[in-house]
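Beneath this line is the structure, given in structure tokens, with notes to follow.
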Amino acid sequence: SPPTPELKTAAMNWMNRSNPAAKLLAASALLFDPKYQGTVKLDLQQLRSHPDARIRNLAATQLWRLELPDRKVEAATLVSWQDSIHSLPRELRGGPYFLLGEGRRLRRQHDLAAMALLWVPLVYDHDYQISALACLNAADSLKAIGRNDEAVALYHEVVVRYGQSTYAQDAAQILKTLQSDQAESGTSQNP
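Under the numbering used here, think of the first position of the sequence shown as 1, with each following residue one higher.
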């Protein structure tokens with residue numbers, strides 16, 4: 001989703017700083033803004049060779065985000081992402097696990113997608129909205145491979161644990177549909 005006007009204003013200020021962490025934050029916020037994408041992409045590419053491993057690795061993982069909208073994430077790329085995540089400090093792995101899960105969903109590797117996505121709400125849950133979305137997308141992946149009981153549990157988790165998130169209503173609607181489908185199939189099986 002696009003940044004709020006306040007975040008966009010702050011990010012434009014960060015972009016002009018020499019501090020690499022500020023540039024990284026600016027790039028993260030403005031990466032999909034057509035006006036700034038070229039500039040922040042170049043900043044991220046330069047930060048990938050920064051001496052601080054945290055800056056270097058986070059810049060690389062921000063660039064992963066550009067591969068998802070094109071739906072052209074190769075299987076080998078996902079293996080590389082997995083390896084990169086393991087080299088990150090634990091406290092920085094949440095966002096990269098989310099991206100790995102989304103990449104696996106695009107490749108229809110739903111079981112692996114769910115495993116990657118569930119790291120976010122289970123271990124790296126400091127971002128409420130991303131945790132809710134990761135849980136919802138993990139449920140969708142499990143549903144896609146017929147693991148409906150597990151999917152229902154995760155949809156319920158989104159509704160209960162992340163009830164104030166923007167994704168709780170989606171999860172509630174899916175639960176309602178699943179329950180309705182289940183009730184209909186139960187009645188059609190009983191004469």
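Heads up, the beta-carbon is just placed ideally off N, CA and C, and yes, glycines get one too.
For clarity, every value in this text was computed on a predicted model and none was experimentally measured.
* To do: Give the DSSP-derived three-state secondary structure of G163 in the structure shown.
  => coil
* For L88, which three-state DSSP category applies? -> coil
* Just mark G103 as buried or exposed, buried being the case when its beta carbon has 16 or more other beta carbons within 10 Å. => buried
* For F217, does the three-state DSSP call read helix, strand or coil? -> Residue 217 lies beyond the residue range present for the chain, which begins at 1 and ends at 191; the question has no answer from this structure.
* Which one of Y155, R107, P89 has the shortest CA to CA distance from L118? -> Y155
* To do: Tell me, to the nearest whole angstrom, how far the beta carbon of D52 is from that of A27; I am working on the premise that it is less than 8 Å.
  => 15 Å between Cβ atoms; not a contact.
* Looking at the structure shown, is A172 part of a helix, part of a strand, or coil, going by DSSP? -> helix
* Can you grab the Cα-Cα spacing for the pair L30 / Q37, in whole Å? => 7 Å
* To do: Starting from the C-beta of L100, find all residues in its chain whose C-beta is less than 7 Å away, skip the five residues before and the five after it, and write them out in chain order.
  => L78, W81, Q82, I85, A116
* **Three-state secondary structure (DSSP) of W14** => helix
* **Sequence-distant residues of the same chain with beta carbon closer than 6 Å to L112, five excluded per side** => R104
* For the ligand MN, any of its heavy atoms closer than 7 Å to the Cβ of L99? -> In the structure shown, the ligand MN is absent, as is every other ligand, since no ligand is present at all.
* Rounded Cβ spacing between R71 and L106 (contact assumed at less than 8 Å) -> 5 Å
* **Candidates V120, P96, K143, P3: closest to Q109 by CA position** => K143
* Would you report the Cα separation of P96 and P20, rounded to the nearest angstrom? -> 19 Å
* To do: Provide the residue span of the alpha helix (DSSP H) that contains L142, from first to last.
  => 128-144
* To do: Can you say whether G94 is buried or exposed, counting buried as having 16 or more other CB atoms within 10 angstroms of its CB?
  => buried
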